[in-house]
Amino acid sequence: YVNNGTGSQSGNFSQTKDRLDFSNISLIVVIQAHDREIVGLLLTKDTHDGETHKSEKMAEEQPVTSSLIYKSIQLNSANNFTVLAMHMGYATMSVTLTDTNDLEMVKQGAYQTLAHAEYDIQATRAVRPSDFAFNCSAAAIAILISFGIGCVTDTDSLKKQLKFPVSLVVGFCCQFLILPVLAFGIAMMLPLNNDVRFGLLCVACVPGGGLGHVAVILGDADLPLSLAMNLISIVAMLGTAPLWIFVLGQYFYRDHKVIPIYNFEIWLASTFFAYTAGLVINRFKPAVADGLLTWIIKPLMLLASILYITLGVYINMYVFDRINEYAVLSAFLLPLSGFTVAYITGKIFRQKDSFCKSMALETSSLNVLIVLAAIRFSLESNKNSADFASVVPLWVMFTIPGIYVLLAILRFFKGCIGNFLESRKQQQFRHFSIASGIVNQANMAALSAPLFVTEVTDDDQGSVSEKITVL
329 YVNNGTGSQS GNFSQTKDRL DFSNISLIVV IQAHDREIVG LLLTKDTHDG
379 ETHKSEKMAE EQPVTSSLIY KSIQLNSANN FTVLAMHMGY ATMSVTLTDT
429 NDLEMVKQGA YQTLAHAEYD IQATRAVRPS DFAFNCSAAA IAILISFGIG
479 CVTDTDSLKK QLKFPVSLVV GFCCQFLILP VLAFGIAMML PLNNDVRFGL
529 LCVACVPGGG LGHVAVILGD ADLPLSLAMN LISIVAMLGT APLWIFVLGQ
579 YFYRDHKVIP IYNFEIWLAS TFFAYTAGLV INRFKPAVAD GLLTWIIKPL
629 MLLASILYIT LGVYINMYVF DRINEYAVLS AFLLPLSGFT VAYITGKIFR
679 QKDSFCKSMA LETSSLNVLI VLAAIRFSLE SNKNSADFAS VVPLWVMFTI
729 PGIYVLLAIL RFFKGCIGNF LESRKQQQFR HFSIASGIVN QANMAALSAP
779 LFVTEVTDDD QGSVSEKITV L
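Residue numbering for the sequence shown follows my numbering, starting at 329 and increasing by one per position.
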């Protein structure tokens, strides 16, 4: 702090009061960020001391926004600079007191540093009650979906599915061994923030959810295999998800972060207990399970879908305000690669087409709601990390239905092309049959060789018989 009006000084200049020439001293402010719109620098000059006049001048000025803000402030007049948070992100501000007020010399490094300080800037969103309500509702809906899947799971169908263990083993490997590695590879290839990469890894480690079950029903896939894979994923992710997050998450959060494995385990366990409760009710009281599905779960799911499309987008507008195209690409590639790998792997192991479709749909379906709640509540000590890590689950919530719609459109066109080729083939075969079955001769109708079964001695009777056969 240097007050040029009174000449008072503090800090590193307490011993150099008589040797400082304030006319040649300048304050260099440098703000460096990864994005030009994270922070802005508002610099004002004022010779008046009135607070009202200063605030009016600050409102009239436009802040400087850039990835590298470089400002020189001369100390021979009253100055005020303010760092404004424009969008979420991180930046670094350094303040240097130099022995010259020539900006060109400062840029060339031809100056002597009298004092220097560096600060880490973090621009965060304001905490709102709607955010807490959204996070709680996401967790409640994820738990309710797990309970509903448990209510529709028939234990007899699970026993029958055990007769086909190859499909279960292949599905388990695709969900819990291949998919997390694919997510890690996508995260490392794309230029993403470490928080976004961590969110992508968390989403890949928690497969399942109700969307895959609905897609299996609509896609004419094998429903018992889908229910069996849901049961395996609910149980297996209690151990595999924390393991993958701990092992691969260290590449994103090394020393300055603590990966909240314990909190993740609590949220995953909540879905397990909800699924178990639904399974037990369906086993001993199937009528109660049907009533719960019809009168409680289905209406709530419809209401939740409407609210998430409207209020959910509004509450998380920061995701759609400044779209990160690489985050959207990763959210699209993850379920698409999971679907492709699972389907091809099923074909390699010679599984039925319905089994391959079930494995592909269940592998590409991800339980993003419980991951979203786990990330928000586990990283609440660092709000920026929680918000950035939540970007991928929010985008995956939209990309998975988009992929399913795209696959349905491709399937429709494939069916149309197949029907067209089949009808054309049948039409060509019919033309060939007519051309080969009817031969015009004088006063006679002849048949192709396969129609001559018996030999007739009487010419007139044979002629009549042949004509009748042709007709």
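Idealized CB from N, CA, C, for every residue including glycine.
Contacting residues, own chain, Cβ-Cβ under 6 Å from PHE462 (five flanking each side not counted) = ILE643
query = If we call anything under 9 Å between Cβ atoms a contact, is SER682 one with ALA569?
reply = no
key: Closest Cα partner of LEU486 within the set THR668, CYS501, LEU553   = LEU553
query = DSSP state of MET414, grouped into three classes?
reply = coil
query = Among PHE716, PHE612, MET516, which residue has its Cα nearest to the Cα of ASN652?
reply = PHE716
ask   = Tell me the DSSP bridge mates of TYR671?
value = Looking at the DSSP assignment, TYR671 forms no beta bridge with any residue, so it has no partner.
request  = State buried or exposed for ILE672, treating a residue as buried only when at least 16 other CB atoms are found within 10 Å of its CB.
outcome  = exposed
task = Could you tell me whether the Cβ atoms of SER692 and GLY666 are closer together than 9 Å?
result = yes
ask   = Under the DSSP definition of a beta bridge, which residues are partnered with ASP448?
value = THR420
Check whether ALA467 and LEU664 have beta carbons under 9 Å apart = no
message = For ASN768 and LEU734, I'd like the C-alpha separation in whole angstroms.
response = Any reading at ASN768 must be qualified, since the residue scores a pLDDT of 48, below 50, and its modelled position is unreliable; the value itself is stated next. The straight-line gap from Cα to Cα measures roughly 53 Å.
message = In this structure, how does DSSP classify GLN679 when only helix, strand and coil are distinguished?
response = coil
ask   = To the nearest whole angstrom, what separates the beta carbons of PHE526 and TYR590, a pair I think is in contact under 8 Å?
value = Rounded, the Cβ-Cβ distance is 16 Å, inconsistent with contact.
message = Using C-beta distances below 7 Å, list every residue in its chain close to LEU620, excluding the 5 sequence neighbours before and after it, in chain order.
response = CYS479
message = Quick check on DSSP: helix, strand or coil for ILE562?
response = helix
query = Anyone know if the C-beta pair for LEU576 and LEU529 falls short of 9 Å?
reply = yes
query = How many angstroms separate the CA atom of ARG807 from the CA atom of MET517?
reply = Summary: the structure shown does not reach residue 807, with the chain confined to residues 329 through 799, and so no result is reported for it.
query = Can you name the start and end residues of the alpha helix (DSSP H) that LEU507 belongs to?
reply = 507 to 517
message = So the candidates are PRO535, ILE477, LYS488, PHE475; which of them puts its Cα closest to the Cα of PHE504?
response = PRO535
ask   = Of all the alpha helix (DSSP H) runs that stay within the bounds of the segment 683 to 719, which reach a length of 4 or more residues?
value = 696 to 706, 711 to 717
request  = Helix, strand or coil for GLN756, going by three-state DSSP, please let me know.
outcome  = helix
key: Exposure label - ASN408; buried when at least 16 CB within 10 Å   = exposed
message = Please list the terminal residues of the continuous alpha helix (DSSP H) segment that includes LEU528.
response = 522 to 532
task = Would you tell me roughly how many angstroms separate the C-alpha atoms of LYS382 and VAL720, rounded to the nearest one?
result = At LYS382 the pLDDT is 47, less than 50, meaning the model places this residue with poor confidence; the figure from the coordinates comes in the next sentence. Those two C-alpha atoms are separated by around 43 Å.
message = Rounded to the nearest angstrom, what separates THR315 and LEU700 at their Cα positions?
response = Absent from the model: residue 315. The displayed extent of the chain is 329 to 799, so no value can be given.
task = Report the option in LEU607, ALA511, PHE592 whose CA atom is closest to the CA atom of LEU707.
result = PHE592
Exposed unless 16 or more other CB atoms sit within 10 angstroms - verdict on ALA615 = exposed
request  = Compare the Cα-Cα distances from ALA532 to each of VAL498, LEU559, LEU571 and report the closest residue.
outcome  = LEU571
query = Can you pull the DSSP bridge partners for PRO535?
reply = LEU694
task = Compute the distance between the beta-carbons of ILE359 and LEU425, then report whether it is under 9 Å.
result = no
inquiry  = According to DSSP, is THR481 part of a helix, a strand, or is it coil?
reply    = coil
ask   = Quick one: is PHE677 near chain B, going by C-beta distance under 9 Å?
value = Among the chains in the structure shown there is no chain B, since it carries only a single protein chain.
query = Roughly how many whole angstroms lie between the Cα atoms of ILE625 and ILE469?
reply = 10 Å
request  = Count the other CB atoms, across all protein chains shown, that sit within 10 Å of the CB of PRO627; report buried if there are 16 or more and exposed otherwise.
outcome  = exposed
request  = Just the C-alpha distance for GLY640 and ILE703, rounded to the nearest angstrom, thanks.
outcome  = 16 Å
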